[in-house]
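UniProt numbering applies: residue 1 is where the sequence shown begins, and numbers increase by one. Comments concern the structure below.
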Amino acid sequence: METTNPPWLLVSHGKQYSKQIFYSVFDKRFHTRRVPDLRDKWVLASTYGWLATMDRDTADCCLWNPASMEKIDLPFLFRPFTYKRCFLSKPPNEPGCHVLFISLDFSRRAFCQVGDEEFVLQSSQNGDISLCAVVSFQGKIYGLADPDYRIVTVHFVGKTLELRPIFTEDGGQPLHICRPSRPWMSYYDNYLIESPCGELLAVHKMFHNNYDFRVFRVDTNRKECIELENIDNQAIFLSFMGTSFCCSSTGGIKSNSIYYTIPKSRNLHIYDLDDRSTTFLLPCHSVKRAQTSTHWIEHRSFTKM
């Protein structure tokens, strides 16, 4: 998601995730809070300042806005901890908002309209398209789909979620980002983000012994994807769970870099797109590794708490 202000890193830790640390990459300071609404919750940061929270005991699911303290109940979602992304088509307190959850392995999708009594579940079978990432961009909803990393438009049609491919200008091939020629990858992930200058970016993260990244500009008008050598004075913020951000690299933020977190790690990793090197930063020494959950959240979300 595009943002003019850098996001904060939310770190939930301690017994039942009862403690929260909010870390500012802008001034490299952290603030400690106890947020009852996040205690013992499975959290997915979403868009428009909202979080999806799922109770670890009851699996009760809701959308929560920490700035306004507004809460919107969602239908029962079976095994909510198996989902890694929550997409909102618009602010959920506006009419007609759709909520979409994407599973950890991208094989399942659960969606509903706010106010519905149940989620619609979709599964990808062998050979089917799996939806990896979703973003709202210039009035449309775009997705990145596997197995060929194609760019699609996403449409909520009644009780159906339709993924419609975008074809190249000559109409011959579906628009897609180039698959990295690394068959030995043991892990990969994909993200779609709007940059501060209004461009749609696709980020491919891959792992084998260490993490590597590729960034593409998706031109939806010319229907082409171009790999970028650098992102100039911008920084990208990725987490294993939840939403992603891109902002201008002002203050203490390193330009042409990708800030990312990995599961059960206390460190914040900073990947330099210039030399492909990675440095580490420890936001808070008091956090123990074993029970840690990290998410990038909008700066405005917790500033009033």
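Every residue gets a Cβ at the ideal spot worked out from N, C-alpha and C, and that includes glycine. Quick caveat: nothing in here was measured; it's all calculated off a predicted structure.
Using the three-state DSSP reduction, which class does residue i fall into: helix, strand or coil?
i: T278; result: strand
i: T250; result: coil
i: T32; result: strand
i: P174; result: strand
i: L273; result: coil
i: F137; result: strand
i: L192; result: strand
i: D37; result: helix
i: K90; result: coil
i: K264; result: coil
i: K159; result: coil
Using a 10 Å radius around the Cβ and a threshold of 16 neighbouring Cβ atoms, would you call residue i buried or exposed?
i: H13; result: buried
i: Q20; result: buried
i: R33; result: exposed
i: P147; result: exposed
i: S249; result: buried
i: I226; result: exposed
i: H208; result: exposed
i: H155; result: exposed
i: T58; result: exposed
i: V135; result: buried
i: Y187; result: exposed
i: E298; result: buried
i: P66; result: buried
i: V203; result: buried
i: T95; result: Here the sequence assigns Pro to residue 95, which means Thr is not the residue at that position. Per the 10 Å Cβ criterion, exposed.
i: V157; result: exposed
Please work out which residues of its chain come closer than 7 Å, Cβ to Cβ, to residue i, disregarding the five sequence neighbours upstream and downstream, and give them in chain order.
i: L228; result: V215, F216, R217
i: A133; result: G143, L144, N190, Y191, L192
i: M241; result: L44, K84, H295
i: I231; result: V215, N256, L273
i: E70; result: N93
Please list, in chain order, all residues of the same chain as residue i whose beta carbon is under 8 Å from its beta carbon, the five residues on each side excluded.
i: P92; result: Y48, W50, L63, I72, V99, V114
i: C97; result: L88, S89, K90, P91, Q113, V114
i: I129; result: A145, D146, P147, R150, V152, L163
i: F106; result: S124, S130, L131, C132, D146
Could you tell me which residues DSSP pairs with residue i in its beta bridges?
i: V218; result: L200, C225
i: F81; result: Answer by DSSP bridge pairing: none, since F81 is not bridged.
i: residue 313; result: Residue 313 lies beyond the residue range present for the chain, which begins at 1 and ends at 305; the question has no answer from this structure.
i: A52; result: L44, L63
i: F143; result: Correcting the residue identity first, residue 143 is Gly in this sequence and not Phe. DSSP, once it has assigned bridges, lists V134, V152 as partnering G143.
i: L121; result: A110
i: A71; result: Sequence check: residue 71 is Lys here, not Ala. Answer is W64, bridged to K71.
i: K205; result: D189, F213
i: V11; result: I21, T294
i: D98; result: For the record, residue 98 in the displayed sequence is His; it is not Asp. In the DSSP output, where bridge partners are listed per residue, H98 has Q113.
i: L238; result: Y260
i: residue 307; result: The displayed coordinates of the chain run from 1 to 305. Any statement about residue 307 would go beyond what the structure contains.
i: F245; result: F237
Residues in the same chain with beta-carbon distance under 6 Å from residue i, minus the five sequence neighbours each way, listed in chain order, please.
i: M54; result: W42, C61, P80
i: Y260; result: L238, H269
i: G212; result: Correcting the residue identity first, residue 212 is Asp in this sequence and not Gly. Around D212: M206.
i: S255; result: N233, S249
i: P6; result: V25, F26, C247, I253
i: F137; result: E194, L200
i: L74; result: C61, C62
i: I258; result: F213, I236, Y271
i: L31; result: In the sequence on display, residue 31 carries His and not Leu. If we look at H31 and ignore the five residues flanking it on each side, its Cβ neighbours are F22.
i: F101; result: Y83, C86, A110
i: T168; result: L175, K223
i: L281; result: L268
At a cut-off of 7 Å, is residue i close to the ligand ZN when judged by its beta-carbon and the heavy atoms of the ligand?
i: S239; result: The model depicted lacks the ligand ZN and carries no ligand whatsoever.
Exercise for the section: Check whether the stretch 84-101 touches the stretch 44-52, taking contact to mean three or more Cβ pairs, one atom from each stretch, closer than 8 Å. Expected result: Segments in contact, yes.
Exercise for the section: Inspect the CB distances between the stretch 194-205 and the stretch 168-176 and report whether three or more fall short of 8 Å. Expected result: Proximity of the stretch 194-205 to the stretch 168-176 falls short of the contact definition, fewer than three beta-carbon pairs being nearer than 8 Å.
Problem - contact_flag[the stretch 258-275, the stretch 117-130] where n(CB pairs < 8 Å) is 3 or more - result: Output reads no: the stretch 117-130 does not touch the stretch 258-275.
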